[in-house]
Structure formats: C-alpha cells, structure tokens
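Numbering (the working numbering), first residue to last: 96 to 189.
Positions of the beta carbon are idealized from the N, C-alpha and C atoms, including for glycine.
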C-alpha cells in the first residue's frame, strides 16, 4: 500500500505516471493519474480511483465502459482506496 500512497502523492504533485492496479478479492482496483481515462485502463467490474484537483473519485465500471460513482469524492487517496476495497469485498461475497 505504501507504493500506492506514494503514487497518489505523485499524482497530487502533478507528476504524470501510468495507471497502477491491485487485485483485491478478485476485483481489479485501478489508480489513474489525472488525464488518464477509465475506458483505456479499465474493464467491466473494475473499480477506478480517479483524482481531480483536490479529491479522489471512486468509479464502478460496468458494461461497455459505463461507470457509476458516489455523489461526492473522497478527501484522500487512502479513504478512496479503503472504500474500493470494501466494495470489492462486498462484491466477492455475492
């Protein structure tokens, strides 16, 4: 997780690096850099973490690249990642 937090800090500083992915409970969670697209890096049933200027959005990728997100972003990468992992655990239990 430390390397993902370091990546999140690089995103926040404006350094552009490529998307990084982890697998949690057989669900791929993809951390995107600003400007990277969900359609390019994600597939159906993935969870994408996408930063904006100050916050992190959690996107759930569906059919044909459609995505849904929560109504509000998370204030930190750690909270967004924790939420994504909780969603992955819930999905794995279905």
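Item, Value
"Beta carbon of residue 186, beta carbon of residue 170: below 8 Å?", "no"
"I need the straight-line Cα distance from residue 153 to residue 129, nearest angstrom please.", "14 Å"
"Would residue 133 and residue 183 be called neighbours here (beta carbons separated by less than 8 Å)?", "no"
"Spell out the partners DSSP gives residue 155 in its beta bridges.", "142, 163"
"Sort out for me which residues DSSP pairs residue 119 with in a bridge.", "122"
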